[in-house]
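K.L.:
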Amino acid sequence: MPLICCVSPKGGVGKSTVVANVAANLARLRSHRVVAVDLDPQNMLRLHMGVPLSENRGFIHLLGQPQYWYQIRHETPEGATILPYGGMDMAQSVEMSARVRQNPDLLAEPLRQIAADPRTLVIVDTEPGPSAMLHAILPRVDLLVTVLTADAASAALFSDIESGRTYGAAHSAPQCFIINQFDPMTRLGPVIARSLGAQMGRRLLGIVHRDEHMGEALAAQKPVAAYAPRSQATHDLGAISHRLVAMVGG
Ligand SMILES: Nc1ncnc2c1ncn2[C@@H]1O[C@H](COP(=O)(O)OP(=O)(O)O)[C@@H](O)[C@H]1O
Ligand SMILES: [Mg+2]
Numbered sequence: 489m490p491l492i493c494c495v496s497p498k499g500g501v502g503k504s505t506v507v508a509n510v511a512a513n514l515a516r517l518r519s520h521r522v523v524a525v526d527l528d529p530q531n532m533l534r535l536h537m538g539v540p541l542s543e544n545r546g547f548i549h550l551l552g553q554p555q556y557w558y559q560i561r562h563e564t565p566e567g568a569t570i571l572p573y574g575g576m577d578m579a580q581s582v583e584m585s586a587r588v589r590q591n592p593d594l595l596a597e598p599l600r601q602i603a604a605d606p607r608t609l610v611i612v613d614t615e616p617g618p619s620a621m622l623h624a625i626l627p628r629v630d631l632l633v634t635v636l637t638a639d640a641a642s643a644a645l646f647s648d649i650e651s652g653r654t655y656g657a658a659h660s661a662p663q664c665f666i667i668n669q670f671d672p673m674t675r676l677g678p679v680i681a682r683s684l685g686a687q688m689g690r691r692l693l694g695i696v697h698r699d700e701h702m703g704e705a706l707a708a709q710k711p712v713a714a715y716a717p718r719s720q721a722t723h724d725l726g727a728i729s730h731r732l733v734a735m736v737g738g
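Okay, so the sequence shown: first residue is 489 according to my numbering, each after it adds one.
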């Protein structure tokens, strides 16, 4: 039922990490059937979700043929489904973006149909900043989750994100936020996290600490909850997953 979209104005903040780990947690909770969709031409979500590096197929090769998307789905050991973007060179993915810009329903309609099942939760990973893919699905999004880090750039960008200017007029979905890679031992991190947290209020879904287990879990191609069940990151992402279920209803 809900279509959740994970976005950020900057790269490297942890969108794909959050999408993959929340998808794994929600699949384990059995609250929904979880489908994670990668709209980023970097095609990295598959690595976060245990799909072999050699697997290059994705929905982008089947744009306009959603009846065949089942062929490129993968199931994770936790029971989540991933729809990878697919491997493509830059010229091809620019061409695909142009097709989606011209006809947003090439993407928006199949995702709407997947999310139409009342027991299915769709969680979408995006490339940083504005994109044709994000623009195409924004009118259909039920919850926009922005991932930020507790640094000066995120603090500076926050008012534009909050006002909706970052994502443009197509966007009217409720917003919430995750602060990722938080390090309480730095001088600036706690100051900025406190200030961002005060502005976000109840829309702050949670804070994920910087935790080396996260990078190791990615290298092992496992969710951090499977790789390091007692880690801080597992605890933080678990709390966020529960709050997300409470928000969207499960
Ligand atoms: N909380 C965290 N602690 C430590 N490393 C993290 C954390 N979150 C993400 N990372 C690491 O940061 C890098 C970028 O994360 P990624 O999810 O790919 O970002 P994005 O999708 O926003 O570009 C990855 O190597 C990931 O393992
Ligand atoms: Mg990413």
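Glycine is no exception: its CB is placed at the ideal position from the N, C-alpha and C atoms.
Does the distance between the C-beta of Leu533 and the nearest non-hydrogen atom of ligand 3 fall short of 8 Å?
P.N.:
Ligands in the displayed structure: ligand 1 and ligand 2; ligand 3 is not one of them.
K.L.:
Decide if Gln555 is buried, meaning its Cβ has at least 16 other Cβ atoms within 10 Å, or exposed.
P.N.:
In the sequence shown, residue 555 corresponds to position 67, counting from 1. Answer is exposed; the Cβ neighbour count stays below 16.
K.L.:
What number of angstroms, rounded off, separates the C-alpha of Ser647 from the C-alpha of Val629?
P.N.:
To locate residue 647, count along the sequence shown from 1; it is residue 159. To locate residue 629, count along the sequence shown from 1; it is residue 141. Computed Cα separation, rounded: 21 Å.
K.L.:
Are there three or more Cβ pairs, one per stretch, closer than 8 Å when the segment 634-649 is compared with the segment 497-513?
P.N.:
These segments touch.
K.L.:
Thinking C-alpha only, which one of Gln669, Pro678 and Leu631 is nearest Pro662?
P.N.:
As a first step, residue 662 must be located in the sequence shown, where it is residue number 174. With distances taken between Cα atoms, Pro662 lies closest to Leu631.
K.L.:
Which residue comes first and which comes last in the beta strand (DSSP E) that contains His549?
P.N.:
Position 61 of the sequence shown, counting from 1, holds the residue named residue 549. His549 -> no beta strand (DSSP E), and no H or E assigned at all.
K.L.:
Does any heavy atom of ligand 1 sit closer than 8 Å to the C-beta of Leu697?
P.N.:
Taking the sequence shown and counting its residues from 1, the one referred to as residue 697 is at position 209. The residue you asked about is not Leu; residue 697 is His in the sequence shown. Yes, the Cβ of His697 comes within 8 Å of a heavy atom of ligand 1.
K.L.:
Among residues of its own chain, excluding the 5 on either side of Ala641, which ones have a beta-carbon nearer than 7 Å to its beta-carbon?
P.N.:
Here residue 641 is taken as the residue at index 153 of the sequence shown, counted from 1. Contacts found: Lys498.
K.L.:
Could you check whether the Cβ of Asn668 sits closer than 8 Å to any heavy atom belonging to ligand 1?
P.N.:
Taking the first residue of the sequence shown as position 1, residue 668 is located at position 180. Yes, Cβ of Asn668 sits closer than 8 Å to a heavy atom of ligand 1.
K.L.:
Cα separation between Ser504 and Pro598?
P.N.:
The residue labelled residue 504 in the question sits at position 16 within the sequence shown. The residue labelled residue 598 in the question sits at position 110 within the sequence shown. For Ser504 and Pro598, the distance between alpha carbons rounds to 21 Å.
K.L.:
Can you find the residues in the same chain that come closer than 6 Å, C-beta to C-beta, to Met735, ignoring five residues on each side of it along the sequence?
P.N.:
Numbered from 1 along the sequence shown, position 247 holds the residue referred to as residue 735. Result list for Met735: empty, nothing under 6 Å.
K.L.:
Check whether the segment 564-579 touches the segment 519-533, counting contact only when three or more Cβ pairs, one atom from each stretch, lie closer than 8 Å.
P.N.:
Yes, since at least three Cβ pairs between the segment 564-579 and the segment 519-533 fall closer than 8 Å, the two stretches touch.
K.L.:
Put Asp526 into one of helix, strand or coil per three-state DSSP.
P.N.:
Position 38 of the sequence shown, counted from the start, is the residue given in the question as residue 526. If DSSP states are grouped into helix, strand and coil, Asp526 belongs with the strands.
K.L.:
Are Met584 and Ile560 closer than 9 Å when you measure CB to CB?
P.N.:
Mapped onto the sequence shown, residue 584 falls at position 96. Mapped onto the sequence shown, residue 560 falls at position 72. Not a contact, by the Cβ cut-off of 9 Å.
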